[in-house]
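Per our numbering, the sequence shown starts with residue 252, numbered consecutively.
Ideal placement from N, C-alpha and C gives every residue a C-beta, glycine not left out.
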Amino acid sequence: MAEENGKRSSGASSAVDEYDASQIQVLRGLEAVRRRPAMYIGDVSTRGLHHLVYEVVDNSVDEALAGFCTEISVVVRRDGAVTVRDNGRGIPVDIHPTENRPAVEVVMTVLHAGGKFDKKVYPVSGGLHGVGVSVVNALSEWLEVEVRRHGKIYRQRYERGVPVTPLEVRGSCEDTGTTVTFLPDKEIFKKRTFSFDILSERMRELAFLNPGLRITLRDEKEKREAVFHSTGGLEEFVRYIDEGRTPIHNKVIVISGERDGVPVELAMEYTDSYNDNVFTYVNNIHTVEGGTHLIGFRTALTRTLNQYAHKNNLIKNEELALTGEDVREGLTAVLSVKLMEPQFEGQTKTRLGNSEVKGIVESIVGEGLARFLEQNPAEARKIIEKVLTAARSREAARKARELTRRKRALDTAGLPGKLADCSLQDPERTELYLVEGDSAGGSAKQGRDRQFQAILPLKGKILNVEKARLDKILSNEEIRTIVAALGTGIGKDEFDASRLRYGKIIIMTDADVDGSHIRTLLLTFFFRYMRELIEQGRVYIAQPPLYRIRKGKEEYYAYDDEEREEILERIGRNGVEIQRYKGLGEMNPEQLWRTTMDPERRTLLQVTIDEAFEADRIFSTLMGDKVEPRRKFIEENAKYVRNLDI
Ligand code: 0RA
Numbered sequence: 252m253a254e255e256n257g258k259r260s261s262g263a264s265s266a267v268d269e270y271d272a273s274q275i276q277v278l279r280g281l282e283a284v285r286r287r288p289a290m291y292i293g294d295v296s297t298r299g300l301h302h303l304v305y306e307v308v309d310n311s312v313d314e315a316l317a318g319f320c321t322e323i324s325v326v327v328r329r330d331g332a333v334t335v336r337d338n339g340r341g342i343p344v345d346i347h348p349t350e351n352r353p354a355v356e357v358v359m360t361v362l363h364a365g366g367k368f369d370k371k372v373y374p375v376s377g378g379l380h381g382v383g384v385s386v387v388n389a390l391s392e393w394l395e396v397e398v399r400r401h402g403k404i405y406r407q408r409y410e411r412g413v414p415v416t417p418l419e420v421r422g423s424c425e426d427t428g429t430t431v432t433f434l435p436d437k438e439i440f441k442k443r444t445f446s447f448d449i450l451s452e453r454m455r456e457l458a459f460l461n462p463g464l465r466i467t468l469r470d471e472k473e474k475r476e477a478v479f480h481s482t483g484g485l486e487e488f489v490r491y492i493d494e495g496r497t498p499i500h501n502k503v504i505v506i507s508g509e510r511d512g513v514p515v516e517l518a519m520e521y522t523d524s525y526n527d528n529v530f531t532y533v534n535n536i537h538t539v540e541g542g543t544h545l546i547g548f549r550t551a552l553t554r555t556l557n558q559y560a561h562k563n564n565l566i567k568n569e570e571l572a573l574t575g576e577d578v579r580e581g582l583t584a585v586l587s588v589k590l591m592e593p594q595f596e597g598q599t600k601t602r603l604g605n606s607e608v609k610g611i612v613e614s615i616v617g618e619g620l621a622r623f624l625e626q627n628p629a630e631a632r633k634i635i636e637k638v639l640t641a642a643r644s645r646e647a648a649r650k651a652r653e654l655t656r657r658k659r660a661l662d663t664a665g666l667p668g669k670l671a672d673c674s675l676q677d678p679e680r681t682e683l684y685l686v687e688g689d690s691a692g693g694s695a696k697q698g699r700d701r702q703f704q705a706i707l708p709l710k711g712k713i714l715n716v717e718k719a720r721l722d723k724i725l726s727n728e729e730i731r732t733i734v735a736a737l738g739t740g741i742g743k744d745e746f747d748a749s750r751l752r753y754g755k756i757i758i759m760t761d762a763d764v765d766g767s768h769i770r771t772l773l774l775t776f777f778f779r780y781m782r783e784l785i786e787q788g789r790v791y792i793a794q795p796p797l798y799r800i801r802k803g804k805e806e807y808y809a810y811d812d813e814e815r816e817e818i819l820e821r822i823g824r825n826g827v828e829i830q831r832y833k834g835l836g837e838m839n840p841e842q843l844w845r846t847t848m849d850p851e852r853r854t855l856l857q858v859t860i861d862e863a864f865e866a867d868r869i870f871s872t873l874m875g876d877k878v879e880p881r882r883k884f885i886e887e888n889a890k891y892v893r894n895l896d897i
């Protein structure tokens with residue numbers, strides 16, 4: 252590629268016309284993004300805000316995948332802007348042949364120009380977020396790009412996506428790379444605070460998926476810094492996920508191969524837990540909704556383990572076949588494939604649709620797993636024993652379910668007696684409050700709007716579902732009450748999200764240790780057995796105030812320490828009376844309604860599993876039975892406990 256210092260060629264009038272024409276296109280494109288940002292980044296909440304960073308980082312990771320970048324740094328600055336810097340080749344600055352502007356300006360302003368305008372340069376590129384950095388530009392108050400290339404430092408500034416300076420040479424250098432700094436637009440994003448924990452998770456994930464790559468994350472506001480770097484890749488990723496679990500065999504199974512130009516990598520191990528945790532990625536994107544690669548993997552797993560068990564006479568009973576569910580019990584796996592042209596489908600565009608991938612993954616995993624089992628007979632035996640136990644208890648669970656079904660038939664009304672139901676029946680308008688304790692439950696019942704708010708008080712502890720199989724879970728009274736109130740049923744064959752009787756499920760607990768424990772237990776339950784409800788955004792956490800501040804006749808509520816200080820600043824500190832709420836029970840029905848339940852005034856935290864593997868790790872570490880990782884985890888996170896809940 253020829254370099255031209257980023258100066259625009261002048262002269263031929265046709266070039267000027269073309270330039271004007273493409274400028275108009277650019278403005279139209281930017282306008283479209285600003286008018287409907289959610290179409291491009293999913294939403295304009297915290298999630299969308301963080302997607303901006305992922306988008307920029309993904310471009311740098313692409314440069315790493317192409318083999319030219321080893322380091323990426325992400326800095327959240329004090330002014331709220333984010334800087335992403337890499338040591339790749341630098342975005343080209345030569346004049347783009349048809350656009351008549353520097354290539355970097357095209358990348359920054361033209362939708363979908365991305366780094367992907369040259370397939371030869373980029374054999375693989377990060378997909379979903381791959382809406383292009385121009386989208387980030389369009390949604391930023393300002394953005395500055397700096398390119399270090401061919402000994403020169405180039406810089407250009409944009410405002411809301413429109414260039415406000417030409418690409419200029421601003422100095423010289425000996426290295427190469429790209430630096431992008433942007434400030435998200437307050438006209439688009441209501442909340443513009445980046446969370447170190449949310450960013451960390453994505454950077455950690457990227458580091459595991461791209462071993463050798465060093466990613467530094469620094470938050471200058473919060474004064475936190477972390478370096479993510481993995482040499483072990485997916486194997487290390489699996490060990491990280493399973494830190495709080497106990498593996499039943501020593502070696503992580505690692506399989507990799509390539510067919511028809513599609514590289515497939517897998518790491519997996521069995522633990523003594525009952526959940527399965529399979530995380531799949533396509534071009535570094537977490538495919539939350541699964542797809543053809545996941546189906547290929549599952550098929551290979553079920554077939555290969557059945558074949559091995561029968562061939563080696565490990566299954567005595569001829570009748571018994573291991574089901575997909577059996578061979579996934581206690582399994583943790585990370586599967587990563589890279590594709591030239593991924594087709595993403597589904598509600599959140601995170602399901603892989605390419606049909607050819609199923610067979611590719613199936614054959615690579617099938618062969619790899621068969622080889623592992625042959626070469627490691629001791630480990631193979633432990634795995635088969637584990638999945639056979641799962642098969643036997645599947646039978647027990649089925650019997651237990653039948654028992655509950657019969658019991659339910661005896662229940663006259665069908666709904667639990669403790670439930671104070673609402674009068675409306677339209678699930679899109681109703682909400683169910685799960686309330687800790689009878690006294691708070693009483694206040695909630697009196698304070699609620701009985702038209703659309705139902706209250707279910709919970710007494711006593713919820714069973715820790717992390718340590719129990721489904722049959723035991725189904726015999727727990729508190730859980731049965733919740734399931735009956737929800738109306739969804741539970742278990743693989745029974746659960747049906749469309750039967751949910753309420754649009755929102757709101758967990759309301761005290762702001763103390765017990766409250767946070769109950770909340771975690773409930774979240775674990777939803778996460779493990781009704782994940783679809785979380786994915787649909789139906790599970791919320793109520794936010795009761797921490798303080799009541801009174802001055803004369805005026806009353807204020809503060810939801811955290813920061814807000815308390817803000818209020819005191821505003822109203823003055825003289826003659827104020829501050830009450831710290833320890834529990835929901837200290838509020839009367841009227842106060843509870845006003846501060847926590849009134850849709851006009853309350854704030855609800857929506858529970859999301861964007862940070863899926865971290866959520867899994869949190870639950871398995873907090874709820875599992877390994878003491879040491881739990882102690883370490885709590886110690887390390889004590890300062891940030893608030894984040895544990897999300
Ligand atoms: C296209 C071609 C070349 C580099 C890049 C894109 C590139 C894009 C980004 C985005 C963030 N960091 C980046 N680093 C590089 C280089 C082509 C060449 O040098 O031959």
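Distance from the CA atom of ILE275 to the CA atom of THR360, rounded to whole angstroms, is 11 Å. Cβ contact annotation for GLN697 (same chain, cutoff 6 Å, sequence separation greater than five): PRO840, in chain order.
Counting only the Cα atoms, PRO678 lies some 15 Å from TYR791. Cα atoms of LYS562 and ALA621: separation of roughly 11 Å, rounded to the nearest angstrom. At a cut-off of 7 Å, the beta-carbon of THR538 does not count as near the ligand 0RA: no heavy atom of the ligand is closer than that.
Exposed is the label assigned to GLN830, since fewer than 16 other Cβ atoms lie within 10 Å of its Cβ.
Close CB contacts of GLN702 within its chain, under the 7 Å cut and outside five residues either way in sequence, are with CYS673, SER674 and LEU675 (chain order).
Distance from ILE713 to VAL686 at the Cβ level is roughly 13 Å; contact not present, criterion being Cβ atoms closer than 8 Å. In the DSSP annotation of this structure, the continuous segment of the beta strand (DSSP E) that includes ARG801 starts and ends at 798-802.
A contact is defined here as three or more CB-CB pairs under 8 Å, and the stretch 624-641 meets this definition with respect to the stretch 483-502.
Annotation for ALA793: the continuous beta strand (DSSP E) segment containing it runs 790-793. Looking at the DSSP output, ASP470 bridges to VAL327 and ARG475. Along the length of the stretch 700-740, whole alpha helix (DSSP H) runs at least 4 residues long occupy 721-724 and 728-737, reported in chain order.
By a beta-carbon distance limit of 8 Å, GLU438 does not contact VAL386. Their separation comes to about 15 Å. VAL764 counts as exposed, since fewer than 16 other beta carbons sit within 10 angstroms of its beta carbon. In the displayed model, VAL533 falls within a strand according to three-state DSSP. Under a 10 Å Cβ-count criterion, ARG421 is classified as exposed, with fewer than 16 other Cβ atoms of the shown protein chains found around its own Cβ. For the pair GLU580 and LYS474, the Cα-to-Cα distance works out to about 41 Å.
Sequence-distant Cβ neighbours of SER451 in its own chain, meaning closer than 7 Å and more than five residues away, are LEU468 and ALA477.
Exclusion of the five residues before and after ALA648 leaves ARG720, LEU721, ASP722, LEU725 and GLY742 as the residues of its chain whose Cβ lies within less than 8 Å of its Cβ.
Not one heavy atom of the ligand 0RA falls within 7 Å of the beta-carbon of ILE275. DSSP, reduced to helix, strand and coil, places GLN598 outside both helices and strands of the structure shown, so it counts as coil. Take SER690, set aside five residues on each side of it, and the residues of its chain with a beta-carbon closer than 7 Å to its own are GLY836, in chain order.
With respect to ASN528, VAL312 sits apart: the two C-beta atoms are not nearer than 8 Å. In this structure, PHE440 keeps its C-beta atom at 8 Å or more from the C-beta atom of LEU394. If you draw a straight line from the Cα of ARG352 to the Cα of ILE466, it is about 32 Å long. Around the Cβ of ASP747, a 10 Å sphere holds fewer than 16 other Cβ atoms; the residue is exposed. Annotation: TYR807 to GLY823 spans about 13 Å, alpha carbon to alpha carbon. When the five nearest sequence neighbours on each side are left out, the beta carbons in the same chain lying within less than 6 Å of the beta carbon of PHE447 are those of ASP470, GLU473 and ARG475, in order along the chain.
Scanning ARG443, SER481 and ASP700 for the CA closest to the CA of THR321 turns up SER481.
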